[in-house]
């Protein structure tokens with residue numbers, strides 16, 4: 051099929067990688083087991099041995115492996131990031147996903163043959179910003195932050211020769227990725243510096259006579275009644291008081307899903323769609339990959355006749371944050 | 136060490152802005168950053184108004200820098216950005232890579248606080264592109280800054296955000312409109328009702344964050360006054376003070392007097408506590424949570 055859109059799925063572990071590949075991912079993305087990637091969570095990610103196994107498993111089945119090194123190294127630990135770039139190159143990954151333009155300069159200089167993708171954490175929202183990375187580091191693809199409307203995504207695609215990847219499903223960052231210090235403001239650790247948002251070690255649950263409280267480094271993020279379902283306490287999705295009114299001041303717990311507008315995204319010219327969730331289970335990866343594989347195939351085969359099947363929507367909502375979905379910024383009303 | 140005044144981050148009435156900069160001309164500041172960096176719908180001042188302010192401030196002996204938008208989404212925003220960068224007279228501050236790309240190799244620029252410069256290699260890239268000054272991202276610590284300064288290309292000035300509510304995040308969504316029950320496309324510019332943003336409190340009524348349109352700020356006011364002697368020793372070139380709607384003249388005066396040795400850090404901090412919005416914080420500088428107030432540093436030494 052001409053202009054085939056790639057389905058890029060998360061691999062937080064070897065079983066998740068297998069689940070993604072076996073259920074139809076065209077590419078998987080993964081990270082090393084340290085602060086060099088934006089899902090630096092306990093028990094997740096790959097050491098060198100499992101990375102080699104994972105790459106072999108994917109390559110034997112025709113799937114690509116993208117390696118995320120998408121945090122921002124500081125001088126004191128710069129050597130770790132440099133070594134990670136070298137390790138990835140030696141392992142034979144199909145591309146590096148980088149956010150930091152310093153690290154990108156290193157990668158482009160040291161491994162000129164290695165394909166580079168600009169991570170969503172690089173916060174490039176316009177063709178001009180993308181051109182900066184293209185001209186200097188010859189990036190081949192950009193992952194767009196979840197802040198643009200569908201027409202803005204289209205305009206970016208029309209004005210760049212870099213491939214564009216957009217998020218298709220998963221937990222929704224409300225803020226421009228790569229420019230959010232809310233987590234480090236509360237806990238000292240952020241996605242940029244440590245690859246963690248609202249880190250688990252700063253989370254404390256307490257049972258009180260009025261319900262269940264959840265705190266992030268002491269700050270009360272939310273309070274749940276006995277029959278409320280309580281999700282992971284990401285601080286931008288808690289309930290707060292604004293002008294005396296209690297509510298989800300920034301965003302409700304919800305997931306992004308582009309199922310409804312897949313043909314429009316394809317028509318806009320996206321090269322790849324991405325599933326969020328390296329921190330999620332292999333079962334999640336299998337479920338979401340299976341649904342999106344079917345949906346993407348259907349939307350590419352017959353865009354005019356495409357409608358999201360009800361069982362697809364139901365299956366995705368089951369694994370979605372807050373069991374509900376949104377188009378996020380792709381739809382003006384959300385903004 | 137020079138003192139700069141950051142761009143106004145809030146949406147103030149036109150008269151208030153004009154009046155504010157009339158006062159700024161008299162304040163002991165070296166550099167003034169001008170322009171709208173948050174939301175392109177805030178247009179009470181036209182480009183010519185900004186240029187008139189720039190002219191008056193230049194005449195008063197200030198270095199004027201035109202700041203550009205931080206989150207760029209629409210074509211019209213890129214056009215406005217290009218006009219600012221090609222103004223032909225004033226230095227510009229790039230707050231997004233699109234602005235860097237437009238300025239690179241053509242005009243010198245200040246690499247703003249939202250460009251994510253975390254290491255020496257990134258600093259070198261900005262220097263090569265034509266940056267003459269860079270502003271440290273607010274979440275970095277003194278230790279990281281020292282390491283950066285050790286590897287910093289010579290000829291590149293370093294600026295630190297030293298006072299004000301911290302710019303923490305940006306979104307496609309307008310949170311002010313959301314909390315007024317309005318869609319962004321019909322926001323009615325309600326952010327204009329809040330001269331210093333609107334405070335977001337925890338359910339225990341503890342101030343936490345501040346909503347300012349599409350921007351989220353800290354509810355605390357960050358003050359690095361206590362770190363001033365340390366920054367002088369490190370070789371920081373510029374301290375940025377971010378405007379608040381009241382008592383800004385006093386804030387500038389306090390920093391100026393402490394720099395000049397006329398006022399102690401301790402006395403200055405005591406005065407800042409009375410006029411700052413919310414509590415003071417300085418945690419980022421000491422490698423802690425940004426909202427923390429690291430007291431030992433103030434109690435010891437420089438008092």
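Chains as they are written, first to last, in the working numbering: chain A, 51 to 385; chain B, 136 to 438. Note that the Cβ used here is the ideal one computed from N, Cα and C, for glycine as well. Quick caveat: nothing in here was measured; it's all calculated off a predicted structure.
Which same chain residues, not among the five before or five after residue i, have their C-beta less than 8 Å away from its C-beta?
i	result
residue 221/A	284, 305, 306, 326, 327 and 371
residue 224/A	286, 287, 300 and 301
residue 218/B	182
residue 263/B	none
Where does the unbroken beta strand (DSSP E) through residue i begin, and where does it stop?
i	result
residue 59/A	56 to 60
residue 271/A	269 to 274
residue 408/B	First-last for residue 408/B: 400 to 410, but that is the alpha helix (DSSP H), not the beta strand (DSSP E).
residue 128/A	No beta strand (DSSP E) holds residue 128/A; the alpha helix (DSSP H) holding it covers 128 to 141.
residue 42/A	Outside the displayed range of chain A (51 to 385) lies residue 42/A, so it cannot be described from this structure.
residue 357/B	350 to 358
residue 262/A	261 to 266
residue 426/B	Looking at the DSSP string, residue 426/B is not in any beta strand (DSSP E), and its letter there is neither H nor E.
residue 287/A	It is not in any beta strand (DSSP E) - residue 287/A carries neither H nor E in the DSSP assignment.
Hey, residue i and residue j are a contact pair by Cβ (cut 8 Å); roughly how many whole angstroms apart?
i	j	result
residue 296/A	residue 338/B	7 Å
residue 208/A	residue 228/A	At roughly 24 Å, the Cβ-Cβ gap does not stay under 8 Å, so residue 208/A and residue 228/A are not in contact.
residue 187/B	residue 160/B	In fact, because the Cβ distance is near 12 Å, the residues do not count as touching under 8 Å.
residue 155/B	residue 290/A	Actually they are not in contact, since the Cβ atoms of residue 155/B and residue 290/A sit about 30 Å apart, beyond 8 Å.
residue 168/A	residue 157/A	Rounded, the Cβ-Cβ distance is 12 Å, inconsistent with contact.
residue 228/B	residue 207/B	That pair is no contact at about 14 Å.
Among the residues of its own chain, which have a CB less than 7 Å from the CB of residue i, if the five just before and after it don't count?
i	result
residue 321/A	55, 56, 191, 213, 214 and 215
residue 274/A	261, 262 and 280
residue 105/A	115, 141, 142 and 143
residue 173/A	195, 226, 227, 228 and 229
residue 367/A	373, 374 and 375
residue 323/B	317
residue 379/A	196, 197, 198, 199 and 385
Mind checking which residues open and close the alpha helix (DSSP H) that includes residue i?
i	result
residue 335/B	Here residue 335/B belongs to no alpha helix (DSSP H); instead the beta strand (DSSP E) covers 333 to 336.
residue 151/B	149 to 159
residue 369/B	363 to 369
residue 217/B	210 to 220
residue 367/A	360 to 369
residue 263/B	255 to 264
residue 204/A	200 to 208
residue 303/B	Note, residue 303/B: premise wrong, no alpha helix (DSSP H); beta strand (DSSP E) at 292 to 305.
Between the Cα of residue i and those of the options, spot the shortest distance and give me the residue it belongs to.
i	options	result
residue 386/A	217/A, 263/A and 168/A	One cannot answer for residue 386/A here, as it falls past the ends of chain A, which runs 51 to 385.
residue 174/B	211/B, 165/B, 349/B and 360/B	349/B
residue 213/B	207/A, 175/A and 227/A	175/A
residue 353/B	203/B, 367/B, 340/B and 332/B	332/B
residue 391/A	342/B, 274/B, 312/B and 206/B	As displayed, chain A neither begins before 51 nor continues past 385, which places residue 391/A out of reach and without an answer.
residue 351/A	130/A, 196/A, 313/A and 133/A	313/A
residue 364/B	393/B, 282/B and 314/B	393/B
residue 249/B	309/A, 230/A, 93/A and 86/A	230/A
residue 362/A	378/A, 343/A, 355/A and 377/A	343/A
residue 223/B	292/B, 368/B, 241/B and 192/B	241/B
residue 294/A	340/B, 346/B and 211/B	340/B
residue 74/A	347/A, 384/A, 278/A and 383/A	347/A
residue 385/B	396/B, 408/B, 206/B and 361/B	408/B
For chain A, find out if any of its Cβ atoms is closer than 8 Å to the Cβ of residue i; answer yes or no.
i	result
residue 305/B	yes
residue 321/B	no
residue 433/B	Bear in mind that the predicted position of residue 433/B carries a pLDDT of just 49, short of 50, making it unreliable; the figure below should be weighed with that in mind. It does not; no Cβ of chain A falls within 8 Å.
residue 330/B	no
residue 146/B	no
residue 251/B	yes
residue 267/B	no
residue 333/B	yes
residue 412/B	no
residue 340/B	yes
Quick check on residue i - is its C-beta less than 8 Å from some C-beta in chain B?
i	result
residue 188/A	no
residue 224/A	yes
residue 221/A	no
residue 349/A	no
residue 128/A	yes
residue 230/A	yes
residue 385/A	yes
residue 102/A	no
residue 92/A	no
Excluding the 5 residues flanking residue i on each side, which residues of the same chain have their C-beta closer than 6 Å to its C-beta?
i	result
residue 177/B	146 and 171
residue 61/A	67, 70, 78 and 80
residue 91/A	329
residue 259/A	none
Please indicate yes or no: does the CB of residue i lie closer than 7 Å to some heavy atom of the ligand PLP?
i	result
residue 277/A	As for the ligand PLP, it is missing from this structure, which has no ligand bound.
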